[in-house]
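Undergrad: This is the structure I have questions about; it appears just below.
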Amino acid sequence: MKKTLFLLALLGVLFLSACASSVELGSLFTPTFTLTPSVTPSVTQTPTPTETLTPSPTDTETPTLFPTFTTSFTLTSTDTVTPGPSPTDTRTPTVTRTPTRTRIPTRTRIPTRTPTITLTPTITNTPTPPPPQTAILRPGLLSRVVSPIQAEINVTPGEDGMVRIELIGEDGRIIVRQVLDYRNYRGRSITIYPQIPFEIQAMAETARLQVVTQDRFGRTISLMSVDLVLLSLGRAEIYPPLVTQEPYIVRFPQEGQVVSGGVLWISGLARPVNSSPILIELVGESGAVLSTKLLTVEPPSGELSHTPFEVEIPYQVNASTPVRLTFRQEGGRIPGTVALSSRVIVLEP
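Every letter in the sequence shown is one number past the one before it in our numbering, and letter 75, counting from 1, is 284.
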């Protein structure tokens with residue numbers, strides 16, 4: 210609307226100018242057309258600055274694109290961080306080595322067991338005494354028994370395979386004698402349960418129950434005994450055994466050892482079964498005693514189970530002679546041997 214009014218005003222101005230200069234009406238239209246183009250450019254020029262201004266902000270926005278590229282450089286720095294985890298991965302093996310070190314303390318437990326092994330020599334210095342070679346486990350010392358006696362005995366049959374059981378009265382008579390055949394068990398320690406019937410004239414009597422094994426020459430290998438009270442009537446009273454350890458432990462000489470020089474040196478331990486001295490004998494294959502030595506050993510005291518001893522026995526032989534070295538003690542009220550242990554050695558001149 211404003212443009213229309215503007216054009217009308219412009220035409221009015223031109224018309225008045227033509228009238229003043231006395232120009233023909235026909236010629237007026239010609240300049241009008243000439244003016245119209247001039248107006249058109251002026252109108253055209255008006256938007257031209259507007260259009261020129263429009264790209265100017267566009268040019269201003271163009272730099273904003275460069276920060277966008279700057280942001281992409283920031284992403285490049287993020288790529289630089291990517292190698293960072295690689296050192297972290299290298300540390301992970303270091304952590305794996307830590308468990309490897311923990312296995313070393315685990316191996317240190319093996320030396321911990323070594324002291325347990327070193328304790329064995331301590332036991333060797335104070336040896337645990339073995340049970341008797343022949344042991345009467347039932348009945349024990351001074352048990353009151355009625356017929357038949359139910360016995361329990363640990364024994365190794367003799368070289369002939371026999372086990373001899375004897376019940377001896379207080380006057381030395383043989384009340385009962387049994388010879389049990391265990392030839393199938395020669396050289397083996399076995400437990401037997403013999404029944405031993407007996408008859409006595411008195412209401413009660415003291416007796417000795419003994420178990421004997423012999424070698425092929427009839428020499429005693431081992432003997433163990435226990436004193437009992439025999440009852441004709443009444444009720445049995447069984448006590449536990451008193452001798453539960455080997456009475457005579459010999460360290461030297463060993464079984465089968467050869468000795469020369471005319472003197473036999475003996476070292477060992479003893480736990481006497483009674484107050485009588487220990488009788489040491491060298492018995493030949495014929496049964497003859499080649500040499501004898503009495504040894505008095507005090508009962509063990511304190512923490513000792515046996516009393517150590519050393520003794521020398523002189524002997525005289527003309528040739529190599531196998532003998533049985535025996536250790537035995539005699540009884541008091543009832544005569545005879547109450548305990549005996551032996552081994553075979555060889556004497557040289």
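Yeah, the Cβ is synthetic: ideal placement off N, Cα and C, and Gly gets one too.
Enumerate in chain order the residues of its own chain whose CB-to-CB distance from Ile358 is below 6 Å, with the five nearest sequence positions on each side excluded.
TA: Taken in chain order, the residues that qualify are Ile405.
Undergrad: Applying the 10 Å Cβ sphere with the 16-neighbour rule, what's the burial state of Ile447?
TA: The residue is exposed, with fewer than 16 neighbouring Cβ atoms inside 10 Å.
Undergrad: Scan the segment 408–466 and note each continuous beta strand (DSSP E) run of 3 residues or more that stays entirely inside, going in chain order.
TA: Counting only runs of 3 or more, we get 413–423, 429–440, 457–461.
Undergrad: Can you check whether the C-beta of Leu376 is within less than 8 Å of a C-beta belonging to chain B?
TA: Included in the structure is just one protein chain, with no chain B present.
Undergrad: Can the beta-carbon of Arg386 be found less than 8 Å from the beta-carbon of Val459?
TA: Cβ atoms of Arg386 and Val459: not closer than 8 Å.
Undergrad: For the beta strand (DSSP E) that Thr546 lies in, which residues bound it at each end?
TA: Here the beta strand (DSSP E) through Thr546 covers 546–556.
Undergrad: Between Leu478 and Ser510, what straight-line distance do the alpha-carbon atoms span, to the nearest angstrom?
TA: Approximately 13 Å between the Cα atoms of the pair.
Undergrad: Can you tell me whether Arg353 is helix, strand or coil according to DSSP?
TA: DSSP places Arg353 in strand when its eight states are reduced to three.
Undergrad: Which same chain residues end up closer than 6 Å to Met412 when comparing Cβ atoms and leaving out the 5 residues on each side of it in sequence?
TA: Excluding sequence neighbours, Met412 sits near Ser441.
Undergrad: Buried or exposed, going by whether 16 or more other CB atoms sit within 10 Å of the CB of Thr505?
TA: Its Cβ having fewer than 16 others within 10 Å, Thr505 is exposed.
Undergrad: To the nearest angstrom, how far is the alpha carbon of Gly367 from that of Arg392?
TA: Distance between the alpha carbons of Gly367 and Arg392: 9 Å.
Undergrad: Have a look at Val355 and Gly540 and give me their C-alpha separation to the nearest angstrom.
TA: Approximately 23 Å, taken between the alpha carbons.
Undergrad: Taking only the alpha-carbon atoms, compute the straight-line gap between Gly396 and Gly471 and give it to the nearest angstrom.
TA: Rounded to whole angstroms, Gly396 to Gly471 spans 32 Å at the Cα level.
Undergrad: Whose C-beta lies closer than 6 Å to the C-beta of Glu519 among residues of the same chain, with five residues either side of it excluded?
TA: Excluding positions up to five away in sequence, the list reads Ser476.
Undergrad: Considering only residues of the same chain and omitting the five flanking positions on each side of Gly381, which have a CB-CB separation below 8 Å?
TA: The answer, listed in chain order, is Ile543, Pro544, Gly545.
Undergrad: Does the separation of the CB atoms of Thr535 and Glu494 fall below 8 Å?
TA: No. Outside cutoff.
Undergrad: Smallest Cα separation from Gln525: which of Ala218, Leu556, His515, Gln410?
TA: Of the listed residues, the one whose Cα sits closest to Gln525 is Leu556.
Undergrad: Just to confirm, are Leu418 and Val438 a CB contact at a threshold of 8 Å?
TA: Contact: no.
Undergrad: Please work out which residues of its chain come closer than 6 Å, Cβ to Cβ, to Asn363, disregarding the five sequence neighbours upstream and downstream, and give them in chain order.
TA: Ala344, Thr400, listed in sequence order.
Undergrad: Out of Pro508, Thr516, Pro449, point me to the one whose CA is closest to Arg353's CA.
TA: When only C-alpha atoms are compared, the closest one is Pro449.
Undergrad: So, helix, strand or coil for Ala218, using DSSP?
TA: Ala218: helix per DSSP, three-state reduction.
Undergrad: In whole angstroms, what separates the C-alpha of Ser431 from that of Thr365?
TA: Between Ser431 and Thr365, the C-alpha separation is close to 9 Å.
Undergrad: Please report how far the alpha carbon of Glu521 lies from the alpha carbon of Trp474, in whole angstroms.
TA: Going from the Cα of Glu521 to the Cα of Trp474 covers about 4 Å.
Undergrad: Can you tell me whether Asn363 is helix, strand or coil according to DSSP?
TA: Correct three-state label for Asn363: strand.
Undergrad: For the beta strand (DSSP E) that contains Val532, what are its first and last residues?
TA: Per DSSP, Val532 belongs to the beta strand (DSSP E) from 530–539.
Undergrad: Could you work out which residue in Pro517, Ser514, Pro523 is closest to Val498 when comparing CA atoms only?
TA: Out of Pro517, Ser514, Pro523, Pro523 has the C-alpha closest to the C-alpha of Val498.
Undergrad: Spatial neighbours of Ala445 within its chain, please: C-beta separation below 7 Å, excluding the five flanking residues on both sides.
TA: Correct list, in chain order: Arg353, Val354, Val355.
Undergrad: Quick check: the Cα distance between Ser464 and Leu513, rounded to an integer number of angstroms?
TA: The sequence as given places Glu at residue 464; Ser does not occur at that position. Whole-angstrom Cα-Cα distance: 25 Å.
Undergrad: Alpha carbons only, please: which of Tyr394, Val452, Lys502 is nearest the one belonging to Leu350?
TA: Measuring from the Cα of Leu350, the nearest candidate turns out to be Val452.
Undergrad: Would you identify the three-state DSSP class for Pro320, choosing helix, strand or coil?
TA: Note that Pro320 scores a pLDDT of 48, beneath 50, so its modelled location is shaky; the value from the coordinates is reported in the next line. In this structure, Pro320 counts as helix in the three-state DSSP scheme.
Undergrad: For Gln538, count the other beta carbons within 10 Å of its own beta carbon; 16 or more makes it buried, fewer makes it exposed. Which is it?
TA: The residue is buried, with at least 16 neighbouring Cβ atoms inside 10 Å.
Undergrad: Rounded to a whole number of angstroms, what is the C-alpha to C-alpha distance between Val547 and Gly378?
TA: Between Val547 and Gly378, the C-alpha separation is close to 14 Å.
Undergrad: State the DSSP-derived secondary structure class of Arg395, mapped to helix, strand or coil.
TA: Reduced to three states, the DSSP call for Arg395 is coil.
Undergrad: Strictly by DSSP, which residues pair up with Arg542?
TA: BP columns for Arg542 are empty, so no partner.
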